[in-house]
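Numbering (the working numbering), first residue to last: 128 to 310.
For every residue, glycine included, the Cβ atom is placed at its ideal position computed from N, Cα and C.
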């Protein structure tokens, strides 16, 4: 079962995370060269290829020299470009991992992938581990991930994010008010 994506009321301004995801999707749809550069930015040695876009989005105020501020945006932008997403999805990361396998949350492989993410204590490590997971999700599930939620979780990565991923995977829905408090 999918979680419904909370859409803001028409008069409520979009958050910077929503603006970022919408901007990346729009840029990837109209500029194939940029989309290709963002796909290559998935590799840490080629990450600099995303800096043109990140630097141009002044409303974000991303300091490209500070890893913990830059890496979540690079990870999500690269995932959007690789998935050729046309819109933000509604699928949470935990549910998406389970959906990749026939046995769902009972799959040993799915549990192993989740445990590896949950064992990560560093943002750079979890983003490195997420790259192949997001590629797997794109190839197996055929439904876009909620990139806005994922970006928020990565920007504020910590124990709460990991518990959300575990709850999503094992089937406990995270109440909307708790989701918003965590982001």
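Inter-residue CB distance, residue i and residue j (contact presumed, cutoff 8 angstroms)
i           : j           : result
residue 207 : residue 151 : 5 angstroms
residue 232 : residue 223 : In fact, because the Cβ distance is near 12 angstroms, the residues do not count as touching under 8 angstroms.
residue 181 : residue 191 : 6 angstroms
residue 262 : residue 196 : At roughly 24 angstroms, the Cβ-Cβ gap does not stay under 8 angstroms, so residue 262 and residue 196 are not in contact.
Option nearest residue i by Cα separation, candidates the options
i           : options            : result
residue 143 : 275, 296, 298      : 275
residue 211 : 141, 148, 291      : 148
residue 228 : 190, 269, 164, 209 : 269
residue 221 : 182, 296, 184, 159 : 296
residue 193 : 205, 253, 282, 161 : 282
residue 106 : 141, 271, 255      : No answer is possible for residue 106: it lies beyond the span of the chain, which begins at 128 and ends at 310.
residue 179 : 155, 188, 234, 161 : 161
residue 199 : 153, 252, 234      : 252
residue 170 : 255, 146, 189, 158 : 255
residue 156 : 191, 190, 215, 140 : 215
residue 278 : 153, 172, 187      : 187
Three-way DSSP call (helix, strand, coil) for residue i in this model
i           : result
residue 241 : helix
residue 161 : helix
residue 308 : In this prediction, residue 308 scores a pLDDT of 48, lower than 50, which makes its location untrustworthy; the coordinate-derived value is nonetheless stated afterwards. The answer is helix: DSSP assigns residue 308 an H, G or I state.
residue 191 : coil
residue 218 : strand
residue 128 : Since pLDDT at residue 128 reaches only 44, below the 50 mark, its modelled position is unreliable, and the value read off the structure follows with that caveat. Here residue 128 sits in coil by DSSP.
residue 268 : coil
residue 303 : Since pLDDT at residue 303 reaches only 49, below the 50 mark, its modelled position is unreliable, and no value is offered.
residue 211 : coil
residue 285 : coil
residue 230 : coil
residue 312 : Outside the displayed span of the chain (128 to 310) sits residue 312, for which this structure offers no information.
residue 293 : helix
residue 168 : coil
residue 143 : helix
residue 273 : coil
residue 249 : coil
Beta-carbon gap between residue i and residue j smaller than 8 angstroms
i           : j           : result
residue 168 : residue 201 : yes
residue 165 : residue 204 : yes
residue 288 : residue 280 : yes
residue 292 : residue 250 : no
residue 265 : residue 218 : no
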